[in-house]
Amino acid sequence: MIKIQKRPLPSDVVIKREKDYRSGPVFQMLVADCHNKCYICEDSLHTSPNVEHRISHKHAPALKYDWENLFLSCSHCNNIKGDKYDGMIDPAQCDPEQVIALSMGLDDELREVVIVSKTGGDEAVDITVALLNAVYNGTHTDMKKYACQQLKNKISNELAWFQQKLDDYKNHPGDDTKAAVAGRISEDALFAAFKRKRVREDPQLAPVFGFGGR
Ligand SMILES: [Zn+2]
20 MIKIQKRPLP
30 SDVVIKREKD
40 YRSGPVFQML
50 VADCHNKCYI
60 CEDSLHTSPN
70 VEHRISHKHA
80 PALKYDWENL
90 FLSCSHCNNI
100 KGDKYDGMID
110 PAQCDPEQVI
120 ALSMGLDDEL
130 REVVIVSKTG
140 GDEAVDITVA
150 LLNAVYNGTH
160 TDMKKYACQQ
170 LKNKISNELA
180 WFQQKLDDYK
190 NHPGDDTKAA
200 VAGRISEDAL
210 FAAFKRKRVR
220 EDPQLAPVFG
230 FGGR
C-alpha cells in the first residue's frame, strides 16, 4: 500500500449516484490517481476493478458519494474489506510506507507469507495491518486461501524479477540498469511498497534512488 495523491474533483463534476463514479470523469480520475492498481494490495485490476468506499456506506451512508472516500480496488480486496476495516488509515492523508513495512517471508511451517509490520502510528494502522494480513495471508476459507496464494505467488515472482534488476544495477551501475530499477519502484509499479522497502534498507542503493534512510 502506498500514498495516493487524489486530485480535487473539478467543480462541474458531481457524484449523486453509483453511475456517476462507475463511468465518466470520476472513474477515470480514480484509475489515474490510484495508478491503475488496487489501492490495498497493489496488484493490477485485471478484469474486475471495484470502486471501493474506504469507509463503508453501511457505517457512513453520507460518504457513499464523497470523492475523498472513493478508491479503486480489486474484487479480492473489496470482498475482504467490506465494512470490517472502516477504521483503516486514509492513504490519501497518511503515507502507508511510513507506518507499515511489507516483505515476503516464511512462517513456522516454511510456507511463504507476507510479513506485515507496523512501524509507527496509531490504532488505524493496527486495523490496516489486520486488513493487509487478511488480503495477503487469509486462510478463512479454501477459496480465500487459494486467492491469497495466487497473490503471493505473483508478488514472489515480481520480487525475484526485481531482485535481478537490483543485482544488475549493483554489478553494472549505469543509466540503463538504474532506469530498470527506478521504473519498478515508481508509484505505477505493482507491489511498489515491497520493492521500495528493499531499496530503502540497502545502504548502497537507498541514496541512489532517493531514500535518505528512515
Ligand atoms: Zn487488491
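Just so you know, the sequence shown maps onto residues 20 to 233 in the working numbering. Here a beta-carbon is modelled for each residue, glycine too, at the ideal position from N, C-alpha and C.
Tell whether a beta-carbon distance below 8 Å holds between residue i and residue j.
i	j	result
A198	I204	no
S75	D102	yes
V3	K171	Nothing about residue 3 can be reported from this structure: the residues present for the chain run from 20 to 233 only.
A15	Y104	Here the chain has residues from 20 to 233 only, and residue 15 is not among them.
With respect to 7 Å, is the separation between the Cβ of residue i and the closest non-hydrogen atom of ligand 1 below this value?
i	result
I59	yes
S205	no
H159	no
V154	yes
D221	no
D52	no
D62	yes
C93	yes
Tell me whether residue i sits in a helix, a strand or coil according to DSSP, three-state version.
i	result
M107	coil
N98	helix
F210	coil
V33	coil
G43	helix
Comparing C-alpha positions only, which one of the options sits nearest to residue i?
i	options	result
F90	G139, K25, A225	K25
V70	W86, A166, S92	S92
K77	C167, K100, W86, K56	K100
I59	A225, Q183, N98	N98
D187	N88, P44, T196	T196
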